[in-house]
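Under the numbering used here, the sequence shown has 507 at position 485, and the numbering climbs by one with no breaks.
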Amino acid sequence: MRSTPPPARATRRLRARAACAGLGLLVAALVPVAPGPPVGAAPGSAPLAPGALPAVDFGVIGVDALEAWAGFELVTPAPADPTITLRIILGLTGDRAGLEARARAVNDPASPDFGQGGTVAEEGRAFNAPGTDPALIAAWFWAHGVELVADPTGSSLRGDVPVAVAANAFGTTYLQYRIAGAPPEVVVVTPVARPTELDPVLAGRVDRVYGAVGVYDATTGGILGGTTTGPPKPPPTPTPTPTPPAPRPTTGGPADGGTPWRTGTPADACPDAAATEAFGQPVGLSPAQVRTAYGIDALWAAGGPGTGARIAVASVGFHDPSDLATYRACFGLEGTPVTDHVVGTVLPGVNLETTIDLQRVVSVAPRAARIDLFVGYDASGGTYQPTRQLFEMLANPLDASLTDGEDPDVVSLSYGWCEGYLAVADPGFAPLRDITEQMLTTAAAAGVGVYVASGDYGASGCLDSFAPPDNTGPSVWWPSSATWVTSVGGTNLTLATDNTIGSTGGWNDLRYVEPWASACLGCSGGGGYSDATPRPWFQVGAPGAPGGATRLVPDIAAFADLYPGYLHYQGGAWSHTGGTSAAGPIMAAAFALQAAIARSEGRPAVGFVNPMLYDLARAGDPAGIVRDIVEGTNDAYGPGYEAGPGYDLVTGLGSPRHDRLLALLRERARVAEVRFVG
23 MRSTPPPARA TRRLRARAAC AGLGLLVAAL VPVAPGPPVG AAPGSAPLAP
73 GALPAVDFGV IGVDALEAWA GFELVTPAPA DPTITLRIIL GLTGDRAGLE
123 ARARAVNDPA SPDFGQGGTV AEEGRAFNAP GTDPALIAAW FWAHGVELVA
173 DPTGSSLRGD VPVAVAANAF GTTYLQYRIA GAPPEVVVVT PVARPTELDP
223 VLAGRVDRVY GAVGVYDATT GGILGGTTTG PPKPPPTPTP TPTPPAPRPT
273 TGGPADGGTP WRTGTPADAC PDAAATEAFG QPVGLSPAQV RTAYGIDALW
323 AAGGPGTGAR IAVASVGFHD PSDLATYRAC FGLEGTPVTD HVVGTVLPGV
373 NLETTIDLQR VVSVAPRAAR IDLFVGYDAS GGTYQPTRQL FEMLANPLDA
423 SLTDGEDPDV VSLSYGWCEG YLAVADPGFA PLRDITEQML TTAAAAGVGV
473 YVASGDYGAS GCLDSFAPPD NTGPSVWWPS SATWVTSVGG TNLTLATDNT
523 IGSTGGWNDL RYVEPWASAC LGCSGGGGYS DATPRPWFQV GAPGAPGGAT
573 RLVPDIAAFA DLYPGYLHYQ GGAWSHTGGT SAAGPIMAAA FALQAAIARS
623 EGRPAVGFVN PMLYDLARAG DPAGIVRDIV EGTNDAYGPG YEAGPGYDLV
673 TGLGSPRHDR LLALLRERAR VAEVRFVG
């Protein structure tokens, strides 16, 4: 019998980066978990003995661990101020094995459960929290003056917890330490050692804790989760990159399958857009060109330009509706208005990343049933907890209470941090990463596809996170490296006059000749080996995939090349833009159309697509559903990889052909029906 969590919900917070792909922050409407009866009063839910329970993952904790982790020299210990508030997330012990089995079955075309997931809330209730345990935990904290809220999947509870309450909950003693060389008002607040016993009400019900350690700044009254403060960085603009490697010799403008100026025919573009130029050449591909290139025209023919699709976009700032209206009018893309959800502090002004995302979405699905934009970041109390911010950005779109009770078909996220940075900037990266995986697994079990940009710094994912020379080593972005997301990398394109793909390769603008090569910052699609995520089952045995035990990034790739880029309208002017944060929304919206068409035809809807796409690759992909990309590199800033036959660390499996995928899914459904009737 499946257990049921209490009626609880919430949305989250984040941190960002952009122009091409981003970082991450966000906040949301919080629904408290009902405190429930007094502790221990729930029938059948007596406190569990802490005896032989597995260790709780607190991340990096304790004086010695912190000194080794971040190079802190901690001095002048003192009892921790009991009123300092820690921003804590509690990961709930659920049926993780059952949840993963359910998610795999729902997304396996060979399974009778394929496409048969429930809602996010239903799958969360079934797997993420036994009985009334969340209410018991909430009641314990309520009795200590703390209100907890749940994420939309019931994977976790979170609240602002005074040190005195945290010490009681975790059965430990807190001290605070000055950091040598830091201002005296900045202190590290940490348990003296890793807690070994939780309060009996929590023991066995909480198995991961994020935020048990904090860097507290008395001048702001806030906990700093890492070593930097402030809101998200603005997106980079196309400026000469600092001391790039010399571009490799080419025989002309085009290189590795791509061309840095517009090719094909932008017949749908209004004159002002079509006149966009750079270095004396036309640039910027039009929506119709991109749709034809990826076979999306067939989706329009089958189900219209978005009918029935539900698309969610997470970002940190607003767009200007007049910009989007001008863009839509230019290309004949009038349709569904964007529904804005303010879920925290919003960056001032018009946000480039948000504008990129929405213009790409309406290029593919202008008449979707829903286009929901979740904007904001957590600026409260000087908070800087980068993993938390990304966790909350992923959680917000899963809250169906904000979208008239409907889950999205897809979530598009163009933000992230490199794993190498999170590993040293956030002591709770490991436990919250795992809580996030639980939440994403629940989304997959409900048939929600999450598409995350792989980043724009090639294999050097930490390029803007560390000072040289430590910023060019290999690293991939999280959450693009999470198991239950589809990581979208970048390609270039050369189009034929009918806008079909003539040639394509991995995106790396530094392969072009001047002036194109040095006119960008963020010039190549992210890809490489994860240091944090084990190799998922769907990547095992993929043709071309390198050996190893960790996840490979990306999964698929689409047009991201800044030159020629996508036609883009913002601030009264036409320009061009690119990056994997343009490729991600294009693919997310296209797969949302696939899901909507499937529902309209009575077929199982496409959800988390990775298992299906990797299965096709292992079977040789005889129908050419995914275009294998064999040219290009992502070594824009030093180390990197080369594209080649099969899977590669530049473009993943390649670029989906949506017309062929639609035909395959229809044929599979027809054969299955014949067998059933047979």
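In this text, a Cβ means the ideal position worked out from N, Cα and C, and glycines have one as well.
Q: Please report the residue range of the beta strand (DSSP E) in which Ser337 lies.
A: Here residue 337 is taken as the residue at index 315 of the sequence shown, counted from 1. 332 to 337 is the extent of the beta strand (DSSP E) around Ser337.
**Q.** CB contact flag (Gly547, Trp500, <8 Å)
**A.** Along the sequence shown, read from residue 1 onward, the residue named residue 547 stands at position 525. Along the sequence shown, read from residue 1 onward, the residue named residue 500 stands at position 478. Between Gly547 and Trp500, the CB-CB gap reaches or exceeds 8 Å.
Q. Thinking C-alpha only, which one of Tyr588, Val397, Ile523, Arg392 is nearest Arg373?
A. Within the sequence shown, the letter at position 351 stands for residue 373. Just to set this straight, residue 373 is Asn in the shown sequence, not Arg. Distance check between Asn373 and each of Tyr588, Val397, Ile523, Arg392 places Val397 closest, using alpha-carbon atoms only.
Q | Residues bridged to Pro276 [DSSP beta-bridge criterion] | A | Within the sequence shown, residue 276 is the residue found at index 254, counting from 1. For Pro276, DSSP assigns no beta-bridge partner whatsoever.
Q. When we look at the beta-carbon of Gly563 and count the other beta-carbons within 10 Å, is it buried (16 or more) or exposed?
A. Here residue 563 refers to the residue found at position 541 when the sequence shown is read from its first residue. Label assigned to Gly563: exposed.
Q. Do you know how far the Cα of Asp79 is from the Cα of Val211?
A. Numbered from its first residue, the sequence shown carries residue 211 at position 189. Numbered from its first residue, the sequence shown carries residue 79 at position 57. Computed Cα separation, rounded: 18 Å.
(Q) Quick check: what's the CA-CA separation for His166 versus Val187? (A) Position 144 of the sequence shown, counted from the start, is the residue given in the question as residue 166. Position 165 of the sequence shown, counted from the start, is the residue given in the question as residue 187. Using only the alpha carbons, I get a separation of about 7 Å.
(Q) Taking the alpha-carbon of Pro156 as reference, which of Glu145, Thr115, Tyr659, Glu122 has the nearest alpha-carbon? (A) Position 134 of the sequence shown, counted from the first residue, corresponds to residue 156. Distances from the CA of Pro156 to each of Glu145, Thr115, Tyr659, Glu122 were compared; the closest alpha carbon is that of Thr115.
Q) Just checking my contact of Tyr551 with Gly570 at CB under 8 Å: how many whole Å lie between their CB atoms? A) Counting from 1 along the sequence shown, the entry for residue 551 is found at position 529. Counting from 1 along the sequence shown, the entry for residue 570 is found at position 548. Sure, about 6 Å apart at Cβ, within 8 Å.
Q) In or out: Arg692 buried (at least 16 other Cβ within 10 Å) or exposed? A) Translated into the one-based positions of the sequence shown, residue 692 becomes position 670. Exposed.
Q) Under 7 Å from any heavy atom of the ligand MG, does the C-beta of Val498 make it? A) Annotation note on the ligand MG: not contained in the displayed structure, which lists no ligands.
Q.
DSSP three-state label for Tyr551, please.
A. Translated into positions along the sequence shown, residue 551 becomes position 529. Correct three-state label for Tyr551: strand.
Q: Please state whether DSSP places Asn632 in a helix, a strand or coil.
A: For the purposes of this step, residue 632 is taken as the residue at position 610 of the sequence shown. In the structure shown, Asn632 sits in a helix (DSSP, three-state: H, G or I).
Q) Considering only the beta carbon of each residue, do Arg633 and Gln138 sit closer than 8 Å? A) Within the sequence shown, numbered from 1, the residue matching residue 633 stands at position 611. Within the sequence shown, numbered from 1, the residue matching residue 138 stands at position 116. It is worth fixing the name first, because residue 633 is Pro in this sequence and not Arg. Taking 8 Å as the Cβ cut-off, Pro633 and Gln138 do not qualify as a contacting pair.
Q) How many Å lie between Val223 and Val168 at the Cα? A) Counting from 1 along the sequence shown, the entry for residue 223 is found at position 201. Counting from 1 along the sequence shown, the entry for residue 168 is found at position 146. Take the alpha-carbon of Val223 and the one of Val168: they are about 15 Å apart.
Q | Endpoints, alpha helix (DSSP H) assigned at Ala160 | A | Sequence index remark: in the sequence shown, residue 160 carries index 138 (1-based). Going by DSSP, Ala160 is part of the alpha helix (DSSP H) stretching over 155 to 165.
Q. Is the CB-CB distance between Ala320 and Asp643 below 8 Å?
A. As a first step, residue 320 is located in the sequence shown; it is residue number 298 there, counting from the start. As a first step, residue 643 is located in the sequence shown; it is residue number 621 there, counting from the start. Not closer than 8 Å, so no.
Q: Would you check if the distance between the CB atom of Ser503 and the CB atom of Glu414 is smaller than 8 Å?
A: Here residue 503 refers to the residue found at position 481 when the sequence shown is read from its first residue. Here residue 414 refers to the residue found at position 392 when the sequence shown is read from its first residue. Going by C-beta atoms, Ser503 is not nearer than 8 Å to Glu414.
(Q) Judging by CA-CA distance, which residue of Val183, Gly81, Asn530 is the nearest neighbour of Tyr701? (A) The chain is shown from 23 up to 700; residue 701 falls before or after that span and cannot be answered.
Q) Leaving out five residues before and five after Cys545 in sequence, what residues of the same chain have Cβ atoms less than 6 Å from its Cβ? A) For the purposes of this step, residue 545 is taken as the residue at position 523 of the sequence shown. Within the same chain, Cys545 has close Cβ partners Asp531, Leu532, Ala658.
Q) By how many angstroms is the C-alpha of Thr298 removed from the C-alpha of Asp426? A) If you number the sequence shown from 1, residue 426 lands on position 404. If you number the sequence shown from 1, residue 298 lands on position 276. Their Cα atoms are separated by approximately 40 Å.
Q: Report all residues from its chain with a CB closer than 7 Å to the CB of Arg389; omit the five preceding and five following residues, and keep chain order.
A: Walking along the sequence shown from the start, residue 389 turns up at place 367. The residues are Gly326, Pro327, Gly328, Thr329, Gly357, Thr358.
Q) Distance, Cα to Cα, Gly646 vs Arg679? A) Within the sequence shown, residue 646 is the residue found at index 624, counting from 1. Within the sequence shown, residue 679 is the residue found at index 657, counting from 1. A straight-line Cα-Cα distance of about 8 Å links Gly646 and Arg679.
**Q.** Three-state secondary structure assigned by DSSP to Arg200
**A.** Position 178 of the sequence shown, counted from the first residue, corresponds to residue 200. Strand at Arg200.
Q | Exposed unless 16 or more other CB atoms sit within 10 angstroms - verdict on Asp394 | A | The count along the sequence shown starts at 1 and reaches residue 394 at position 372. Buried is the call here.
Q.
Quick check on the burial criterion: 16 or more other C-beta atoms within 10 angstroms. Buried or exposed for Phe149?
A. Stepping through the sequence shown from its first residue, residue 149 is reached at position 127. With a 10 Å radius around the Cβ and a threshold of 16 neighbouring Cβ atoms, Phe149 comes out buried.
**Q.** Cβ distance (whole Å) where Gly668 is taken to contact Pro565 below 8 Å
**A.** Working through the sequence shown from its first residue, we reach residue 668 at position 646. Working through the sequence shown from its first residue, we reach residue 565 at position 543. With 8 Å as the limit, Gly668 and Pro565 qualify as a contact, their Cβ atoms being about 4 Å apart.
Q. Which of the three DSSP states, helix, strand or coil, is assigned to Gly44?
A. Counting from one through the sequence shown, the residue named residue 44 turns up at place 22. Confidence is the limiting factor: at Gly44 the pLDDT is only 33, short of 50, which leaves the residue's position unreliable and the question unanswerable from this model.
Q. Nearest to Pro408 by alpha carbon, out of Leu197, Thr655, Pro134, Pro449?
A. As a working note, residue 408 is residue 386 in the sequence shown. Nearest to Pro408 by C-alpha distance, out of Leu197, Thr655, Pro134, Pro449, is Pro449.
Q: Within the same chain, show all residues whose beta-carbon is closer than 6 Å to that of Pro370, passing over the 5 residues directly before and after it, in chain order.
A: Within the sequence shown, numbered from 1, the residue matching residue 370 stands at position 348. Excluding sequence neighbours, Pro370 sits near nothing in its chain.
Q. Touching or not, the stretch 504 to 521 and the stretch 170 to 181, by the rule of three or more beta carbon pairs under 8 Å?
A. Result no; under three Cβ-Cβ pairs closer than 8 Å.
(Q) If you reduce the DSSP assignment to three classes, tell me which class Val652 lands in. (A) Taking the first residue of the sequence shown as 1, we reach residue 652 at position 630. Here Val652 sits in coil by DSSP.
Q) Since Gln407 is in the beta strand (DSSP E), which residue starts that stretch and which ends it? A) Along the sequence shown, one-based indexing puts residue 407 at 385. Element bounds for Gln407: n/a, residue is neither H nor E.
Q: Return the first residue and the last residue of the beta strand (DSSP E) that Ile111 is part of.
A: Along the sequence shown, read from residue 1 onward, the residue named residue 111 stands at position 89. 107 to 114 is the span of the beta strand (DSSP E), which, as asked, contains Ile111.
(Q) Which of the three DSSP states is assigned to Phe94 in this structure? (A) The residue labelled residue 94 in the question sits at position 72 within the sequence shown. For Phe94, the three-state secondary structure derived from DSSP is coil.
Q) When DSSP labels each residue in this structure, what does Val20 get in the three-state scheme? A) The requested residue 20 does not occur in the structure, where the chain is confined to residues 23 to 700.
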